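J.:
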Amino acid sequence: MEQVNCDVSPLKAEMKEQLHAISSAIELSILTLENENGCLLGTFDQIRSRFSQLETVAASFYLQCYLGPYTDKYADLSIAVQNLSSRRQGALIVVEREDPIGALMQAGIPIGGLMTHSLLESIFYPGSPLHDGAVVIRENHIVSAANVLPLSKVQVGEQKLGTRHRAALGLSEQCDALVIVVSEETGKASFTLKGHMYPIITH
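In terms of numbering that gives the first Met the number 0, the sequence shown is residues 0 to 202.
Shown next, in the form of structure tokens:
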């Protein structure tokens, strides 16, 4: 991951709380191990669950940090992702950063409108002629929609990725763009950066 300088206090405070809880659970596990009658199996499940929660909080924290220098419309983007997630409407949103991405994708339909959460949500409304491809955001504007991104051949763990997730990973493997993806099957949202995928908070 790249270096960031960001202070999003509520999320940072929650990260610290989760880290302290994990640290305490690990210390307790060490003490339990000293007891010949102790069993750690249940403790591992708790620690694993806390790590999962921490990863989601951390991803949401860093998402805002990574987007901050490139768009002033983070709030609109966040609202759109939350609403799309709650309605289980699939979405693929590319935020262009330093690297130009035009040559890496098949161009879609020009939009050229100021980014708002309502415009983003309308593009991904089921049945919309634009909802299947990726939206490209540059600074505070929606540049285009229905763009086709390169697909990654990488799988995440044992999970078989759908086309949107493979496209999100595929573009991020080739440039520094940040790509947000919402699953229509689960409603879960993630973002990809430099070939890695991270879950984000949508509630």
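From the three backbone atoms N, C-alpha and C, an ideal C-beta is built for every residue, glycine too.
Remember, it's a predicted structure, so these values are computed and weren't measured experimentally.
Looking at residue 135: is its Cβ nearer than 8 Å to the Cβ of residue 93?
T.: Indexing the sequence shown from 1 puts residue 135 at position 136. Indexing the sequence shown from 1 puts residue 93 at position 94. Yes, Cβ-Cβ distance for residue 135 and residue 93 is below 8 Å.
J.: Could you pull out every residue in the same chain whose Cβ sits closer than 7 Å to the Cβ of residue 83, ignoring the five residues on either side in sequence?
T.: For the purposes of this step, residue 83 is taken as residue 84 along the sequence shown, with counting starting at 1. Within the same chain, residue 83 has close Cβ partners 90, 120, 123, 181.
J.: Using the Cα positions of residue 137 and residue 70, report the straight-line distance between them to the nearest angstrom.
T.: Position 138 of the sequence shown, counting from 1, holds the residue named residue 137. Position 71 of the sequence shown, counting from 1, holds the residue named residue 70. Going by the C-alpha atoms only, they are around 8 Å apart.
J.: Within the present structure, is the beta-carbon of residue 190 separated from the nearest heavy atom of the ligand FAD by less than 7 Å?
T.: In the structure on display, the ligand FAD does not appear, and there are no ligands present to speak of.
J.: Between 193, 160, 139, 162, which has its C-alpha nearest residue 171's C-alpha?
T.: Mapped onto the sequence shown, residue 171 falls at position 172. Minimum Cα distance to residue 171 is reached at 193.
J.: Tell me the rounded alpha-carbon separation between residue 169 and residue 106.
T.: As a working note, residue 169 is residue 170 in the sequence shown. As a working note, residue 106 is residue 107 in the sequence shown. Answer to the nearest angstrom: the Cα atoms are 16 Å apart.
J.: Given a threshold of 16 other Cβ atoms within 10 Å of its Cβ, counted over all protein chains shown, does residue 19 qualify as buried or as exposed?
T.: Translated into positions along the sequence shown, residue 19 becomes position 20. Residue 19 is exposed by the Cβ-count criterion.
J.: So what's residue 124 in DSSP terms, helix, strand or just coil?
T.: As a first step, residue 124 is located in the sequence shown; it is residue number 125 there, counting from the start. In this structure, residue 124 counts as coil in the three-state DSSP scheme.
J.: Excluding the five sequence neighbours on either side, which residues of its own chain have a C-beta within less than 6 Å of the C-beta of residue 145, listed in chain order?
T.: Taking the first residue of the sequence shown as 1, we reach residue 145 at position 146. For residue 145, where only same-chain residues beyond five positions count, the Cβ hits under 6 Å are 107, 108, 129, 132.
J.: How would you write the range of the alpha helix (DSSP H) that residue 58 sits in, first residue to last?
T.: Walking along the sequence shown from the start, residue 58 turns up at place 59. Here the alpha helix (DSSP H) through residue 58 covers 40-66.
J.: Could you tell me which of 62, 167, 88, 86 sits nearest to residue 77, measuring between CA atoms?
T.: Position 78 of the sequence shown, counted from the first residue, corresponds to residue 77. Per the Cα distances, 62.
J.: For residue 98, I'd like the list of residues in its chain whose CB is within less than 7 Å of its CB, leaving aside the five on either flank, ordered along the chain.
T.: Walking along the sequence shown from the start, residue 98 turns up at place 99. Hits under 7 Å: 174, 175, 176.
J.: So what does DSSP say about residue 99, is it helix, strand or coil?
T.: For the purposes of this step, residue 99 is identified with residue 100 of the sequence shown, where counting begins at 1. Coil.
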